[in-house]
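Student: Take a look at the following structure, please.
Right, here's the structure in full:
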């Protein structure tokens, strides 16, 4: 059995480092105008991080996730509504996991 | 508070609220299995509010990791937020600093992705930020607590494909950032490095390493092209 103080200390510590990381980028850049390489790097953050987060989920789990990922991408390129695109991903992965 | 903007945020996050209820409940059952009381499970999901951090921490606590090492591991899991908050700060200039600092408590991957998507056509306001961020928090902590109370009645959630909702939403948002062949190089670098890091480096370094690889390729590409 884990002791209570450990859990509360873990909650406090984990909460603080998580909030600090959520604040850090904003505190560093808020009110500053960035240009040149810094601007290019920042503009690449959304596509780069979005890709890095999902790449292992899509490419490392198996064929069901890869095919579902491709179908989701097609829905996104066709500019289907967000809810529909998410539905395509969830439904196709559920189906493919049963079939494959 | 602008009602219309809040509702726009709520509408964007609604699919995630549905998909995350069972995932939160699953975490709650794992937390109960690890030895957390329902109150402690609720408190952790309310105060830490990060699925990645919470799932990883249960693994580590169960295996008897010392506190300092646990906090360090969670820091590496959370590093991606530094880049997310830096990027979103470009679009929140209309929000006053203290208010933005409060709202950033709720900066999840999901809220961030949807805000980047919205920022492609309009600035981020307090109301939109609140709408996209706070309702998911309410669902998350409620279902984490329910899961901890109900215990292991959930079964295998991967059967319903709900664990894929997150990847699908990110893919949908990602498509909005396509700007031609230069983007392809950024995506290839991020995906390649993330996959390799996931395979060969223990822990959650793959997000930050993949992200930095994509940023580096973008900078090098821009320098080569002289623009």
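Residue numbers (the working numbering), protein chains in the order written: chain P, 775 to 874; chain Y, -2 to 224.
Even glycine gets a Cβ: it sits at the ideal position worked out from N, Cα and C.
Using a Cβ-Cβ cut-off of 6 Å (strictly less than) and excluding sequence neighbours within five positions of residue 6 (chain Y), which residues of its own chain qualify?
Tutor: 125, 128, 129
Student: Buried or exposed, going by whether 16 or more other CB atoms sit within 10 Å of the CB of residue 174 (chain Y)?
Tutor: buried
Student: Roughly how many angstroms separate the alpha carbons of residue 838 (chain P) and residue 157 (chain Y), rounded to a whole number?
Tutor: 13 Å
Student: Using a Cβ distance threshold of 8 Å, determine whether the segment 194 to 205 of chain Y contacts the segment 163 to 180 of chain Y, with at least three qualifying pairs required.
Tutor: no
Student: Are the CB atoms of residue 186 (chain Y) and residue 219 (chain Y) nearer to each other than 8 Å?
Tutor: no
Student: Does the beta carbon of residue 107 (chain Y) sit closer than 8 Å to a beta carbon anywhere in chain P?
Tutor: So no, residue 107 (chain Y) is outside the interface.
Student: Against chain Y, with Cβ distances strictly below 8 Å, would residue 836 (chain P) count as a contact?
Tutor: Not one chain Y Cβ lies under 8 Å of residue 836 (chain P).
Student: Using a beta-carbon distance below 8 Å, is residue 156 (chain Y) in contact with chain P?
Tutor: Judged by the 8 Å Cβ criterion, residue 156 (chain Y) is in contact with chain P.
Student: Quick one: grab the DSSP three-state call for residue 224 (chain Y).
Tutor: For residue 224 (chain Y), the pLDDT reaches just 47, beneath the cut-off of 50, and the residue's location in the model is therefore unreliable, leaving the point undetermined.
Student: Going by DSSP in three states, residue 820 (chain P) sits in which element: helix, strand or coil?
Tutor: helix
Student: Do residue 59 (chain Y) and residue 31 (chain Y) come within 8 Å of each other at the CB atom, strictly closer than that value?
Tutor: yes
Student: Keeping to the same chain, check which residues put their C-beta closer than 6 Å to that of residue 62 (chain Y); ignore five residues upstream and five downstream.
Tutor: none
Student: If you compare alpha carbons, which of P:820, P:843, P:857, P:811 is closest to residue 829 (chain P)?
Tutor: P:843
Student: Which runs of the alpha helix (DSSP H) fall wholly inside the segment 830 to 854 of chain P and span at least 4 residues, in chain order?
Tutor: 837 to 851, all fully within the segment 830 to 854 of chain P.
Student: Closest by CA to residue 77 (chain Y), which one among P:824, P:801, P:815?
Tutor: Relative to residue 77 (chain Y), the option among P:824, P:801, P:815 whose CA is nearest is P:824.
Student: May I ask you to report which of helix, strand or coil DSSP gives residue 54 (chain Y)?
Tutor: Annotated three-state conformation of residue 54 (chain Y) is helix, per DSSP.
Student: Whose Cβ in chain P lies nearer than 8 Å to the Cβ of residue 118 (chain Y)?
Tutor: Neighbours of residue 118 (chain Y) on chain P: none; closest Cβ ~13 Å, over 8 Å.
Student: How big is the Cα-Cα spacing for residue 778 (chain P) and residue 784 (chain P)?
Tutor: 10 Å
Student: Quick one: residues in its chain with C-beta nearer than 7 Å to the C-beta of residue 137 (chain Y), no 5 flanking neighbours on either side, listed in chain order?
Tutor: 17, 21, 42, 46
Student: Any beta carbon from chain P within less than 8 Å of residue 72 (chain Y)'s own beta carbon?
Tutor: It does: the Cβ of residue 72 (chain Y) has a partner Cβ on chain P nearer than 8 Å.
Student: I need the straight-line Cα distance from residue 808 (chain P) to residue 146 (chain Y), nearest angstrom please.
Tutor: 49 Å
Student: Near residue 38 (chain Y), what residues of its chain come up, given a Cβ to Cβ distance below 7 Å and the 5 sequence neighbours on each side ignored?
Tutor: 25, 28, 29, 141, 142, 145
Student: Around the C-beta of residue 84 (chain Y), are 16 or more other C-beta atoms found within 10 angstroms, so that it is buried, or is it exposed?
Tutor: buried
Student: Can you give me the C-alpha to C-alpha distance between residue 851 (chain P) and residue 859 (chain P), rounded to a whole angstrom?
Tutor: If you draw a straight line from the Cα of residue 851 (chain P) to the Cα of residue 859 (chain P), it is about 10 Å long.
Student: For residue 121 (chain Y), which residues of its own chain have a beta-carbon under 8 Å away from its beta-carbon, when the five flanking residues on both sides are left out?
Tutor: Here residue 121 (chain Y) has 85, 88, 89, 91, 92, 112, 115 as same chain residues with Cβ atoms under 8 Å from its own Cβ, once five neighbours each way along the sequence are excluded.
Student: Under DSSP, the alpha helix (DSSP H) around residue 84 (chain Y) begins and ends at which residues?
Tutor: 77 to 85
Student: Roughly how far, in whole angstroms, is the beta-carbon of residue 834 (chain P) from the beta-carbon of residue 195 (chain Y), given that I think they are within contact range, below 8 Å?
Tutor: 6 Å
Student: Skipping 5 residues on each side, what residues in its chain have a beta carbon closer than 8 Å to that of residue 788 (chain P)?
Tutor: There are no such residues.
Student: How would you label residue 181 (chain Y), buried or exposed, when you count the other beta carbons within 10 angstroms and need 16 or more for buried?
Tutor: exposed
Student: How many angstroms separate the CA atom of residue 832 (chain P) from the CA atom of residue 160 (chain Y)?
Tutor: Distance between the alpha carbons of residue 832 (chain P) and residue 160 (chain Y): 12 Å.
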